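Worksheet: one structure, shown below.
In full-length UniProt numbering, the protein residues as written are 1 to 554.
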């Protein structure tokens, strides 16, 4: 029996092949004379050499010489021949020396995106084993991990050094992330903020408002923004625009808050307190960041002319009521709420009996029309608002409404204001018979700065279109006399240039399936109620294509 036969018996190839498959790699076994005893079939997928150089009895020196001649462990590209960075003899000597170490491991690159690991082990008997494995996927994941880690570190560095506060809360409304500016605003170390909640850091009133808003953002995913007059921990005052938005995935949502200081922008270099003179009730809510245990009674701030004025808020939306009343009370208004026409009647009757003046009734446009009729019948000034205005501009509207000169009729003569002279340039013709929706349209279009006229039925809409040549028509489809489809068809029939005037159908959810009828009547587009200023502005941008058609919002 030859020595090689004995060795093959000692190292059964079948068993080693099974082990190689199990570890997803390749085996190379050699003796103290640097002679190959066994090479698994997978070795040839790693080493660019002829099969005879891996046969039992082959010398490692010849194997490494062939590997070097073929460009090293990384195979050469077809168009050029690669060489190892050192001389042939030195490279071979280095590889053999590595096999004689008791234990060693190296990583070799086999191409742009292929990597191989070589794990070598020399036993006291003189036998050696080299395990070759393809670690390309592992290396890619490792490189990706490093890139992700670097990106996270860069992001953290950017957030940490932003000049405005950024804070993150989890679903339990616990602080889980703050940057340096946020810590400075709270006048605490980050570790004194993280893991705590708003009630531990802020006054109860402010903490309740903050938690309520954060909960809404987490629940709905709708971004929130508000302008705040902020009293810092040291007692100084500034103006901030606070934005909140939801990030993450279901079950792991977070709410991110960004607070941007507006003092320099608004004040033009003036002291922060000076920019609020006469502005406290117009656009900013009061947010005192001082901890509850440090608050002391202060001298009362100068009162606005609206302090003590009585406002009745009419809404069925609990969120509007919960947000609106505290903000009105914070302005010094004497505010209460009603949720139905019956409650409006009861409150106004009691006020009349006690000779108490209600200065304004603010009605949510989502309320039944009966509420508006009852409010107007009471003779009290009425302001109709949409839910989206609660968070942005309702307080400003209420304040301007209450501060306008006596006798300046706004809502009582809306029908007159809606009509414009025949020779006036009209941007928008609105065809709408519902009184509440007419008020909503007027407020939105006035906010954009467009000239407009409102028709109460389909026949009037066609007549005003002929007389005024508006640039666009907003057509409610449920109109008296002529419905919106019929009115749109008449306009299309009489146009000198077919399709010249864009017509946008206004649909309620109950008739959303009638979109096809809008197209058949010659309409260009549709919008859904309740009306959204953002959607209307998008439609105006789309269809006002002439040079003067840019949005006129102030």
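Every residue, glycine too, gets a C-beta built ideally from N, C-alpha and C. Computed from a predicted model, the values in this text were never measured in an experiment.
- In the displayed model, residue 155 falls within a helix according to three-state DSSP.
- Taking C-beta separations shorter than 7 Å and ignoring five residues to either side along the sequence, the partners of residue 351 in its chain run 358, following chain order.
- Residue 26 holds the alpha-carbon nearest to the alpha-carbon of residue 38 among 450, 26, 219, 111.
- Taking the C-beta atoms as reference points, residue 476 is found nearer than 7 Å to residue 506.
- Secondary structure note for residue 460: its alpha helix (DSSP H) is the uninterrupted segment 458-468.
- In the three-state reduction of the DSSP assignment, residue 139 falls in the helix class.
- In the three-state scheme derived from DSSP, where H, G and I count as helix and E and B as strand, residue 367 is classed as coil.
- In the three-state DSSP reduction, residue 481 falls in the coil class, being neither helix nor strand.
- With respect to residue 162, residue 178 sits apart: the two C-beta atoms are not nearer than 7 Å.
- Contact annotation: the region 374-382 does not touch the region 446-462, with fewer than three C-beta pairs closer than 8 Å.
- By the 16-neighbour rule on beta-carbons within 10 angstroms, residue 257 is buried.
- For residue 220 and residue 508, the gap between their C-alpha atoms comes out near 23 Å.
- By the criterion of at least three beta-carbon pairs nearer than 8 Å, the region 314-328 is not in contact with the region 192-204.
- By the C-beta density criterion, residue 369 is exposed, having fewer than 16 other C-beta atoms within 10 angstroms.
- Taking the C-beta atoms as reference points, residue 495 is found no nearer than 7 Å to residue 481.
- Assignment of residue 208 by DSSP, reduced to helix, strand and coil, places it in the helix class.
- Judged by DSSP secondary structure, residue 181 falls within the alpha helix (DSSP H) whose first and last residues are 180-186.
- Between residue 287 and residue 228, the beta carbon gap of about 4 Å places them in contact (Cβ cut-off 8 Å).
- Of the candidates 91, 211, 105, 144, the residue whose Cα lies closest to the Cα of residue 113 is 144.
- Three or more pairs of CB atoms, one per stretch, sit closer than 8 Å, so the region 483-503 contacts the region 519-532.
- Beta-bridge partners assigned by DSSP to residue 258: 166, 243.
- Using a Cβ distance threshold of 7 Å, residue 158 and residue 175 do not count as a contacting pair.
- Counting only runs that start and end inside the region 307-378, the beta strand (DSSP E) elements of at least 3 residues fall at 310-314, 334-338, 360-364.
- For residue 543, the uninterrupted alpha helix (DSSP H) run begins and ends at 533-543, by DSSP.
- Checking the DSSP bridge columns, you'll see residue 58 has no partner listed.
- A Cβ-Cβ contact shorter than 7 Å links residue 70 with residue 48.
- Residue 443 counts as buried, since no fewer than 16 other beta carbons sit within 10 angstroms of its beta carbon.
- For residue 127, the secondary structure class from DSSP, reduced to helix, strand or coil, is coil.
- Per the coordinates, the alpha-carbon of residue 29 lies some 14 Å from the alpha-carbon of residue 61.
- According to DSSP, residue 503 shares a beta bridge with 473.
- The continuous beta strand (DSSP E) containing residue 525 extends over residues 525-528.
- Secondary structure at residue 430: strand, using DSSP grouped into helix, strand and coil.
- If you look at residue 98, you'll find it isn't in any beta strand (DSSP E); it sits in the alpha helix (DSSP H) that goes 88-99.
- Beta-bridge partners assigned by DSSP to residue 175: 169.
- DSSP, read as helix, strand or coil, puts residue 448 in helix.
- Contact annotation: residue 430 and residue 470 have beta-carbon atoms that are not nearer than 7 Å.
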